[in-house]
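Structure representation (structure tokens):
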């Protein structure tokens, strides 16, 4: 039996939507499970983002055990993984690994777990829904965490004609470090600033009124504090170009996300230049916004399932 899987990369926060907004990108983690009589094992295919440590594999297994139970036997066979998602760069690689684990366990055991349950499990593993939910469902997700319970969320298709530019600087920034730098309390004016823009962000994305994104993606709660770890970020956030709709740190960084409706090559070059002025190497990718989320394709039965469809 062979089952194929795809999980999209994601970008969280989008500036003002801190821990609340995420978007799926057309950059996909791919894997293929070939069932046999051997114990479960993972093989990473060679590539530029091939994991060099066990953490990625551990996240896959953690996702599997969340669905099957800590003491359950893992599916028998080999999981071959092709990973183009850069690790630790703010593009949801950990969420993608967890989601992959959930889907492998679900498909191999024939559980047909409802999408709502997968969302709940993934959110519980990640601690917040802004990466894991769009990784499962695709599109754009606006979510509110409710303690340990199922998050309240809305998922909608991305606006047509909009693409993403991802700038990936050659910097290391651990999520724990990026969170530790944030203050324990904020000034009222900064909180109001973000509440206004987060409300506008959700409305602009859902309605397709993308001309509001420039203002809606502004932030005072996390990006100013993380800029010290990402030389070039301040300049990138101030970029002005025709076709540049909005720009923000991707997740906890250090990658930067720009939403554009034209002029992508010129904007990408300007983003690279922001980092080059600080002698930081950077590559840029122009990506589509993914309407479809995670995919499962049973090759024997020739059945293709889009999670949440």
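Residue numbers (this note's numbering): 22 to 330. Glycine is no exception: its CB is placed at the ideal position from the N, C-alpha and C atoms.
(request) List the endpoints of the continuous beta strand (DSSP E) containing residue 319. (result) To locate residue 319, count along the chain shown from 1; it is residue 298. 316-319 is the extent of the beta strand (DSSP E) around residue 319.
(request) Spatial neighbours of residue 161 within its chain, please: CB distance less than 6 Å, with the 5 preceding and 5 following residues excluded, ordered by chain position. (result) The residue given as residue 161 occupies position 140 in the chain shown. These residues qualify, in order along the chain: 44, 177, 179, 226.
(message) Taking the alpha carbon of residue 49 as the reference point, which residue from 183, 317, 105 has its own alpha carbon closest?
(response) What you label residue 49 is simply residue 28 of the chain shown in a count that begins at 1. Residue 105 is the option with its Cα nearest to residue 49.
(message) Only counting the same chain, and skipping five residues up and downstream in sequence, which positions put a Cβ closer than 7 Å to that of residue 307?
(response) The count along the chain shown starts at 1 and reaches residue 307 at position 286. Cβ neighbours of residue 307 beyond the five flanking positions: 184, 186, 285, 289.
(message) Here's a check: name, in chain order, each residue in its chain whose Cβ is nearer than 6 Å to the Cβ of residue 118, leaving out the five neighbours to either side.
(response) One-based indexing of the chain shown puts residue 118 at position 97. Within the same chain, residue 118 has close Cβ partners 77, 80, 81.
(request) Please say whether residue 266 and residue 277 have beta carbons closer to each other than 8 Å? (result) For this step, residue 277 is matched to residue 256 along the chain shown. For this step, residue 266 is matched to residue 245 along the chain shown. Residue 266 sits away from residue 277, with the two beta carbons spaced by 8 Å or more.
(request) Check whether the Cβ atoms of residue 188 and residue 292 sit closer than 8 Å, and answer yes or no. (result) The residue you call residue 188 lines up with position 167 of the chain shown. The residue you call residue 292 lines up with position 271 of the chain shown. In this structure, residue 292 lies closer than 8 Å to residue 188 by Cβ.
(request) Give the DSSP bridge partners of residue 267, in chain order. (result) Residue mapping note: residue 267 aligns to position 246 of the chain shown, counting from 1. According to DSSP, which records beta bridges pairwise, residue 267 is partnered with 280.
(request) Mark residue 239 as exposed unless 16 or more other C-beta atoms lie within 10 angstroms of its C-beta, in which case mark it buried. (result) On the chain shown, position 218 is the one that residue 239 refers to. Answer is buried; the Cβ neighbour count reaches 16.
(message) Would residue 192 and residue 120 be called neighbours here (beta carbons separated by less than 8 Å)?
(response) Counting from one through the chain shown, the residue named residue 192 turns up at place 171. Counting from one through the chain shown, the residue named residue 120 turns up at place 99. Taking 8 Å as the Cβ cut-off, residue 192 and residue 120 do not qualify as a contacting pair.
(request) Return the CA-CA distance between residue 194 and residue 296, expressed in angstroms with no decimal places. (result) If you number the chain shown from 1, residue 194 lands on position 173. If you number the chain shown from 1, residue 296 lands on position 275. Their Cα atoms are separated by approximately 15 Å.
(message) Distance check for residue 262 and residue 124, CA to CA, integer angstroms please.
(response) In the chain shown, counting from the first residue as 1, residue 124 sits at position 103. In the chain shown, counting from the first residue as 1, residue 262 sits at position 241. Approximately 41 Å, taken between the alpha carbons.
(message) For residue 40 and residue 58, what's the separation of their Cα atoms in angstroms?
(response) By one-based count along the chain shown, residue 40 stands at place 19. By one-based count along the chain shown, residue 58 stands at place 37. In this structure, the CA atom of residue 40 is about 42 Å from the CA atom of residue 58.
(message) Measuring straight from C-alpha to C-alpha, what distance separates residue 92 and residue 199?
(response) Here residue 92 refers to the residue found at position 71 when the chain shown is read from its first residue. Here residue 199 refers to the residue found at position 178 when the chain shown is read from its first residue. Rounded to the nearest angstrom, the two C-alpha atoms are 34 Å apart.
(request) Between the Cα of residue 204 and those of 247, 235, 222, spot the shortest distance and give me the residue it belongs to. (result) Residue mapping note: residue 204 aligns to position 183 of the chain shown, counting from 1. When each option's Cα is compared against that of residue 204, the closest is 247.
(request) Would you give the residue range spanned by the beta strand (DSSP E) that residue 211 belongs to? (result) Numbered from 1 along the chain shown, position 190 holds the residue referred to as residue 211. From DSSP, residue 211 is part of no beta strand (DSSP E) but of the alpha helix (DSSP H) over 209-228.
(request) With DSSP as the reference, label residue 64 as helix, strand or coil. (result) Position 43 of the chain shown holds residue 64. Strand, per DSSP.
(request) Taking residue 89 as the reference, give the member of 327, 242, 133 with the closest Cα. (result) If you number the chain shown from 1, residue 89 lands on position 68. If we check each option's Cα against that of residue 89, 133 comes out closest.
(message) Short of 6 Å in beta carbon distance, which residues of its chain neighbour residue 257, apart from the five on each side in sequence? Order them along the chain.
(response) Mapped onto the chain shown, residue 257 falls at position 236. If we look at residue 257 and ignore the five residues flanking it on each side, its Cβ neighbours are 277, 292, 295.
(request) Name the one or two DSSP bridge partners that residue 162 has. (result) What you label residue 162 is simply residue 141 of the chain shown in a count that begins at 1. DSSP lists 43, 176 as partners of residue 162.
(message) Using a Cβ-Cβ cutoff of less than 7 Å, which residues in the same chain neighbour residue 196 once the five nearest sequence positions on both sides are dropped?
(response) As a first step, residue 196 is located in the chain shown; it is residue number 175 there, counting from the start. Here the set comprises 273.
(message) Rounded to the nearest angstrom, what separates residue 171 and residue 298 at their Cα positions?
(response) Along the chain shown, one-based indexing puts residue 171 at 150. Along the chain shown, one-based indexing puts residue 298 at 277. Each residue's Cα considered, the two are about 44 Å apart.
(message) Can you find the residues in the same chain that come closer than 8 Å, C-beta to C-beta, to residue 128, ignoring five residues on each side of it along the sequence?
(response) Against the chain shown, residue 128 aligns to sequence position 107. Contacts found: 24, 26, 54, 317, 319.
(request) Round the Cβ separation of residue 237 and residue 152 to the nearest angstrom and send it over; I've been treating them as touching at under 8 Å. (result) As a first step, residue 237 must be located in the chain shown, where it is residue number 216. As a first step, residue 152 must be located in the chain shown, where it is residue number 131. Actually they do not touch by this definition, with Cβ atoms about 20 Å apart.
(message) Is the separation between the beta-carbon of residue 63 and that of residue 100 shorter than 8 Å?
(response) Here residue 63 refers to the residue found at position 42 of the chain shown. Here residue 100 refers to the residue found at position 79 of the chain shown. The answer is yes: Cβ separation under 8 Å.
(message) Residues in the same chain with beta-carbon distance under 6 Å from residue 98, minus the five sequence neighbours each way, listed in chain order, please.
(response) Reading the chain shown from its first residue, position 77 is the one you call residue 98. The residues are 54, 55, 56, 57.
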